[in-house]
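Asker: Quick one: structure below, then a few questions.
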Amino acid sequence: MTDRVIPIADARRTKPLPSEGELGSSARAGEDTLGRRLHDLRISVTDRCNFRCIYCMPRDVFGPDYAFLPKSELLSFEEIARLARVFKGHGVEKIRLTGGEPLLRRNLERLIEMLADIPGLDLTLTTNGSVLSKKARALKAAGLNRVTVSLDSLDEAV
877 MTDRVIPIAD
887 ARRTKPLPSE
897 GELGSSARAG
907 EDTLGRRLHD
917 LRISVTDRCN
927 FRCIYCMPRD
937 VFGPDYAFLP
947 KSELLSFEEI
957 ARLARVFKGH
967 GVEKIRLTGG
977 EPLLRRNLER
987 LIEMLADIPG
997 LDLTLTTNGS
1007 VLSKKARALK
1017 AAGLNRVTVS
1027 LDSLDEAV
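Heads up, the sequence shown is in our numbering, so the first residue is 877 and it goes up one at a time.
This is the structure we're talking about:
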């Protein structure tokens, strides 16, 4: 395998990224390098998943010996909630919780309660749906109003 850089944007059309100091006060903090407004944020709450979909976690890479992040390396719920508040203050309107499979993260309902308390935040979760029936009531009670279920195929060949 060779390393090859494939640019995802034309460098001639991009604006320079704001410095760390500018992010605290700059109106540009809510824009990407092409000047488009950033209003959606995806937060991965875990790298673990109970499926091995070929586009995300193919078996040949994520086999039985794959070392997932230890719990100590994951952002705490408090850290995630703090980030959500900061990004909300910079114009983010919607946060989508993802993974891996986010429903595998222990006590996820507690995080959802914390995020649901942020005024004006549209909170949603993307899941493979495998454990949704067990958790749906608790998720709703915690304040989650929208779920996206990824349906790939029942046929492993697809």
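Cβ coordinates follow ideal geometry from the N, Cα and C atoms, glycine included. Predicted model only: the values in this text are computed from it and were never measured.
1. Please list the terminal residues of the continuous alpha helix (DSSP H) segment that includes I988.
2. Out of A1017, G939, L999, state which residue places its alpha-carbon closest to the alpha-carbon of C929.
3. Does the stretch 960 to 971 come within contact of the stretch 983 to 996, defined as at least 3 CB pairs closer than 8 Å?
4. For E949, name the three-state secondary structure that DSSP assigns.
5. Relative to the alpha-carbon of S1006, which residue among G906, G911, E977, T922 has its alpha-carbon at the smallest distance?
6. Reducing DSSP to helix, strand and coil, say where S920 ends up.
7. Near A903, what residues of its chain come up, given a Cβ to Cβ distance below 8 Å and the 5 sequence neighbours on each side ignored?
8. Can you look up L1015 in the DSSP assignment and give me helix, strand or coil?
9. For R961, which three-state DSSP category applies?
10. Going along the chain, which residues of its own chain have a beta-carbon closer than 8 Å to the beta-carbon of F953, five neighbours each way excluded?
11. Among the residues of its own chain, which have a CB less than 7 Å from the CB of L1027, if the five just before and after it don't count?
12. Check for me: the beta strand (DSSP E) holding R913 runs from which residue to which?
Answerer: So, from the data block:
1. Residue 988 sits at position 112 when you count from the first residue of the sequence shown. Segment 984 to 992, the alpha helix (DSSP H) holding I988.
2. One-based indexing of the sequence shown puts residue 929 at position 53. The candidate whose alpha carbon is nearest that of C929 is G939.
3. yes
4. For this step, residue 949 is matched to residue 73 along the sequence shown. Residue state, collapsed to three classes: helix.
5. For the purposes of this step, residue 1006 is taken as the residue at position 130 of the sequence shown. Of the listed residues, the one whose Cα sits closest to S1006 is E977.
6. Counting from 1 along the sequence shown, the entry for residue 920 is found at position 44. In the structure shown, S920 sits in a strand (DSSP, three-state: E or B).
7. Counting from one through the sequence shown, the residue named residue 903 turns up at place 27. Here the model assigns A903 a pLDDT of 47, short of 50, so the residue's position is not dependable, and the following value carries that caveat. Closer than 8 Å at the Cβ level, and outside the excluded window around A903, lies no residue.
8. Against the sequence shown, residue 1015 aligns to sequence position 139. Three-state result, L1015: helix.
9. Reading the sequence shown from its first residue, position 85 is the one you call residue 961. Helix at R961.
10. On the sequence shown, position 77 is the one that residue 953 refers to. Correct list, in chain order: N983, R986, L987, M990.
11. Start at 1 with the first residue of the sequence shown, and residue 1027 comes out as number 151. There are no such residues.
12. The count along the sequence shown starts at 1 and reaches residue 913 at position 37. Run containing R913: none; DSSP gives neither H nor E here.
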